[in-house]
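K.L.:
Have a look at the structure that comes next, please.
Protein chains in written order, with our numbering: chain A, 1020 to 1185; chain B, -4 to 203.
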């Protein structure tokens, strides 16, 4: 493999890494955009009445950890506290809070622990970046090793395999 | 095989991994770090359903208790339930300390978590009474406001309305007394130096 081709491959790998690391931030930015104007009433519509509202509430509840369960979201948990937290999510959305404000409320009470997926910021970036770094790094190591193993053996003197003239 | 290189590689990868795992072993996965200590206590207004026996602490059934009304006082907020076994362990301790500190302005409130007030009243009678009032918490809104994930949990709010400490599980008498003593001492010092003791503003993201 030529040096130029190797450089192109490394550049492509780095581009992929950047794209994957930035992906969660883009998702967060999408989620953080306020999607509803504040409403006069804080009463949440009953489930099933407003499918778009239900979807927004479900999207948030699916990303909040149930405090009394094992690795379950409040959306999936039948626990009483999870149900109460789901109602609170709906009420807060109905009162005009944005998705980010709802998440911030729960983070303010329970810390980042309440998020099933940690936010891609600060030290949390390691969670998103390290696996990619290990895959790329491991791939590069493997590539180097394979290149070494398959390199033609260069010999000197009479070990070339050429017939020896008597 | 270059043994020196192999040893360096294994040590370079192994030592950080072992260090990380060792650090992980020191942490309790069931313990959820609370962001509340050091921050303004979430305000609440809750109705009394059991009055409390201590004459100083007693409040009439149906009275509304507002945390914001306790300017300059240390307030102990205990979340409990009649179905909670560990709550039985701390009940006597809490009542005893509540009586001891009542004259010094410390106020105790028990907030019922995911339980019926009638069960709470029955439980208090079975336990031989309770020194301080018990409050309702419909839909666990105050519990969620305090980041609760189990009972018993106890929050100590200082004279400025800041959460001074959160106890997970049954409160131990020595620990709580020590904390109350230090808060009362700090409060007395700030009063003698004419420092204003004002309750912190309620957090804007309160569930209320």
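In this text, a Cβ means the ideal position worked out from N, Cα and C, and glycines have one as well.
Source: prediction; values computed, not measured.
Going straight from the alpha carbon of residue 1173 (chain A) to that of residue 1136 (chain A), what length do you get?
P.N.:
Working through the first chain from its first residue, we reach residue 1173 (chain A) at position 154. Working through the first chain from its first residue, we reach residue 1136 (chain A) at position 117. About 52 Å.
K.L.:
Using a Cβ cut-off of 7 Å, pull out every chain A residue sitting near residue 156 (chain B), in sequence order please.
P.N.:
Within the second chain, numbered from 1, the residue matching residue 156 (chain B) stands at position 161. Near residue 156 (chain B) there are no residues of chain A at all, since even the closest Cβ is about 16 Å away, more than 7 Å.
K.L.:
Check residue 75 (chain B) in the structure and name its three-state DSSP category.
P.N.:
Here residue 75 (chain B) corresponds to residue number 80 of the second chain, with the count starting at 1. Reduced to three states, the DSSP call for residue 75 (chain B) is strand.
K.L.:
Decide yes or no for the touch test of the stretch 38 to 47 of chain B against the stretch 57 to 76 of chain B: beta carbon pairs closer than 8 Å, at least 3 of them.
P.N.:
yes
K.L.:
Cutting at 8 Å between CB atoms, please list the residues of its own chain near residue 157 (chain B), excluding the five before and the five after it.
P.N.:
Along the second chain, one-based indexing puts residue 157 (chain B) at 162. 33, 34, 35, 36, 195, listed in sequence order.
K.L.:
Flag residue 139 (chain B) as yes if its beta-carbon sits less than 8 Å from any beta-carbon of chain A, otherwise no.
P.N.:
Counting from one through the second chain, the residue named residue 139 (chain B) turns up at place 144. By this cut-off, residue 139 (chain B) is an interface position.
K.L.:
In chain order, what residues of the stretch 22 to 42 of chain B put their CB closer than 9 Å to some CB of chain A?
P.N.:
27, 28, 29, 30, 31, 34, 37
K.L.:
Give the residues from the stretch 111 to 133 of chain B that approach chain A closer than 7 Å (Cβ to any Cβ), ordered along the chain.
P.N.:
none
K.L.:
Under the DSSP definition of a beta bridge, which residues are partnered with residue 1084 (chain A)?
P.N.:
Reading the first chain from its first residue, position 65 is the one you call residue 1084 (chain A). For residue 1084 (chain A), which the question treats as bridged, DSSP gives the partners A:1092.
K.L.:
Quick one: Cα of residue 95 (chain B) to Cα of residue 1086 (chain A), how far?
P.N.:
The count along the second chain starts at 1 and reaches residue 95 (chain B) at position 100. The count along the first chain starts at 1 and reaches residue 1086 (chain A) at position 67. The straight-line gap separating the alpha-carbon atoms of residue 95 (chain B) and residue 1086 (chain A) is approximately 34 Å.
K.L.:
Answer with yes or no whether the minimum CB distance from residue 1129 (chain A) to chain B is below 8 Å.
P.N.:
As a position in the first chain, residue 1129 (chain A) is number 110, starting the count at 1. Interface with chain B (8 Å Cβ-Cβ cutoff): residue 1129 (chain A) is included.
K.L.:
For the 8 Å Cβ check, are there 3 or more pairs between the stretch 113 to 127 of chain B and the stretch 1090 to 1102 of chain A?
P.N.:
no
K.L.:
When burial is assigned at 16 or more other CB atoms within 10 Å of the CB, is residue 1127 (chain A) buried or exposed?
P.N.:
Position 108 of the first chain, counting from 1, holds the residue named residue 1127 (chain A). With 16 or more other Cβ atoms within 10 Å, it is buried.
K.L.:
Only counting the same chain, and skipping five residues up and downstream in sequence, which positions put a Cβ closer than 6 Å to that of residue 100 (chain B)?
P.N.:
If you number the second chain from 1, residue 100 (chain B) lands on position 105. Closer than 6 Å at the Cβ level, and outside the excluded window around residue 100 (chain B), lie 68.
K.L.:
Could you please give me the residues that DSSP links to residue 15 (chain B) through a beta bridge?
P.N.:
Working through the second chain from its first residue, we reach residue 15 (chain B) at position 20. None; residue 15 (chain B) has no bridge partner.
K.L.:
List in chain order: all unbroken beta strand (DSSP E) runs of 3+ residues lying wholly within the stretch 151 to 191 of chain B.
P.N.:
Inside the stretch 151 to 191 of chain B, DSSP marks whole beta strand (DSSP E) runs of 3 or more residues at positions 158 to 163, from first to last along the chain.
K.L.:
Quick one: residues in its chain with C-beta nearer than 6 Å to the C-beta of residue 110 (chain B), no 5 flanking neighbours on either side, listed in chain order?
P.N.:
As a working mapping, residue 110 (chain B) is identified with position 115 in the second chain. Excluding sequence neighbours, residue 110 (chain B) sits near 76, 77.
K.L.:
For residue 137 (chain B), which of helix, strand or coil comes out of DSSP?
P.N.:
Taking the first residue of the second chain as position 1, residue 137 (chain B) is located at position 142. Correct three-state label for residue 137 (chain B): helix.
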